[in-house]
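Quick note: to get our numbering, add 17 to the position in the sequence shown (first position is 1).
Ideal Cβ placement from N, Cα and C applies to all residues, glycine included.
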Amino acid sequence: MPELKTPDAQAFGERFLGAVVQLQLTNGFHVRGALAALEYDLSFMLRDVTQFVPRDDAERPLPSPEAHAGYDLVQRKELLVPGRFVERVLLVE
(Lines of atoms letter the chains of each structure in order from A and count residues from 1; the text may use other names and numbers.)
(Lines give C-alpha, C1' and ligand atoms only; values in the text may rest on other atoms or scores of the structure.)
Protein backbone atom coordinates (compact mmCIF):
# COMPACT_ATOMS: atom_id res chain seq x y z
CA MET A 1 0.00 0.00 0.00
CA PRO A 2 1.55 3.32 -1.00
CA GLU A 3 1.72 6.07 1.62
CA LEU A 4 -0.10 9.29 0.75
CA LYS A 5 0.99 12.78 1.73
CA THR A 6 -1.64 15.42 2.59
CA PRO A 7 -0.06 18.85 2.02
CA ASP A 8 -3.24 20.40 0.60
CA ALA A 9 -6.45 19.10 2.18
CA GLN A 10 -8.76 20.31 -0.57
CA ALA A 11 -6.71 18.85 -3.44
CA PHE A 12 -6.14 15.62 -1.53
CA GLY A 13 -9.84 15.29 -0.67
CA GLU A 14 -10.92 15.92 -4.27
CA ARG A 15 -8.36 13.52 -5.73
CA PHE A 16 -9.00 10.62 -3.37
CA LEU A 17 -12.72 11.09 -2.63
CA GLY A 18 -14.30 7.63 -2.63
CA ALA A 19 -10.93 5.84 -2.54
CA VAL A 20 -10.32 3.25 0.16
CA VAL A 21 -7.64 4.48 2.54
CA GLN A 22 -6.06 3.04 5.64
CA LEU A 23 -5.14 5.39 8.48
CA GLN A 24 -2.45 4.46 10.97
CA LEU A 25 -3.36 6.27 14.19
CA THR A 26 -1.09 7.52 16.94
CA ASN A 27 -2.66 5.04 19.40
CA GLY A 28 -1.60 2.02 17.31
CA PHE A 29 -5.03 1.41 15.79
CA HIS A 30 -5.57 1.14 12.03
CA VAL A 31 -8.76 2.30 10.35
CA ARG A 32 -9.75 1.43 6.78
CA GLY A 33 -12.65 2.92 4.86
CA ALA A 34 -13.81 4.88 1.84
CA LEU A 35 -12.88 8.56 2.04
CA ALA A 36 -16.16 10.49 2.24
CA ALA A 37 -14.67 13.89 3.12
CA LEU A 38 -11.45 15.52 4.25
CA GLU A 39 -12.06 18.54 6.46
CA TYR A 40 -9.93 21.70 6.49
CA ASP A 41 -8.23 20.52 9.71
CA LEU A 42 -7.28 17.21 8.01
CA SER A 43 -10.00 15.26 9.83
CA PHE A 44 -11.03 12.23 7.78
CA MET A 45 -14.68 11.20 7.35
CA LEU A 46 -14.77 7.55 6.32
CA ARG A 47 -17.67 5.29 5.30
CA ASP A 48 -17.94 1.49 5.47
CA VAL A 49 -15.18 1.38 8.06
CA THR A 50 -13.14 -1.54 9.32
CA GLN A 51 -11.18 -0.68 12.44
CA PHE A 52 -8.24 -2.85 13.46
CA VAL A 53 -7.81 -2.67 17.25
CA PRO A 54 -4.63 -4.25 18.65
CA ARG A 55 -5.22 -6.92 21.30
CA ASP A 56 -1.99 -6.00 23.10
CA ASP A 57 0.91 -3.56 22.85
CA ALA A 58 3.16 -5.84 20.81
CA GLU A 59 4.72 -4.27 17.72
CA ARG A 60 2.84 -5.54 14.67
CA PRO A 61 3.02 -4.90 10.94
CA LEU A 62 0.19 -3.03 9.25
CA PRO A 63 -2.80 -5.36 9.07
CA SER A 64 -3.90 -6.46 5.63
CA PRO A 65 -7.42 -7.58 4.67
CA GLU A 66 -6.14 -11.16 4.75
CA ALA A 67 -4.14 -11.05 8.00
CA HIS A 68 -5.98 -10.18 11.18
CA ALA A 69 -3.83 -11.99 13.73
CA GLY A 70 -3.40 -9.88 16.84
CA TYR A 71 -6.26 -7.53 15.99
CA ASP A 72 -9.94 -7.36 16.81
CA LEU A 73 -12.02 -6.09 13.92
CA VAL A 74 -14.69 -3.46 14.53
CA GLN A 75 -17.14 -2.59 11.73
CA ARG A 76 -18.72 0.88 11.56
CA LYS A 77 -20.88 2.62 8.98
CA GLU A 78 -19.15 6.00 9.44
CA LEU A 79 -16.27 7.34 11.46
CA LEU A 80 -14.74 10.81 11.82
CA VAL A 81 -11.02 10.65 12.60
CA PRO A 82 -9.47 13.93 13.81
CA GLY A 83 -6.33 14.76 11.83
CA ARG A 84 -4.19 15.14 14.94
CA PHE A 85 -4.53 11.38 15.57
CA VAL A 86 -3.47 10.33 12.06
CA GLU A 87 0.15 9.24 11.76
CA ARG A 88 0.12 7.80 8.21
CA VAL A 89 -2.33 7.58 5.33
CA LEU A 90 -2.11 4.61 2.97
CA LEU A 91 -4.00 4.00 -0.25
CA VAL A 92 -5.51 0.49 -0.34
CA GLU A 93 -5.08 -1.00 -3.80
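Pick from the options: whose alpha carbon is nearest that of residue i?
{"i": "Thr67", "options": "Val38, Ala28, Ser60, Val106", "result": "Val38"}
{"i": "Asp65", "options": "Glu110, Gln27, Arg49, Val98", "result": "Arg49"}
Residue i by DSSP, collapsed to three states: which one?
{"i": "Glu31", "result": "helix"}
{"i": "Gly100", "result": "helix"}
{"i": "Ala51", "result": "strand"}
From the DSSP output, read off the bridge partner residues of residue i.
{"i": "Leu21", "result": "Val106"}
{"i": "Asp89", "result": "Val70"}
{"i": "Glu56", "result": "In the DSSP output, where bridge partners are listed per residue, Glu56 has none listed."}
{"i": "Phe61", "result": "Leu55, Val98"}
Just how far apart, CA to CA, sit residue i and residue j?
{"i": "Phe46", "j": "Gly87", "result": "11 Å"}
{"i": "Phe61", "j": "Asp73", "result": "25 Å"}
Evaluate residue i with the Cβ neighbour count: other Cβ atoms within 10 Å of its Cβ, from every protein chain shown; 16 or more gives buried, anything less gives exposed.
{"i": "Val91", "result": "exposed"}
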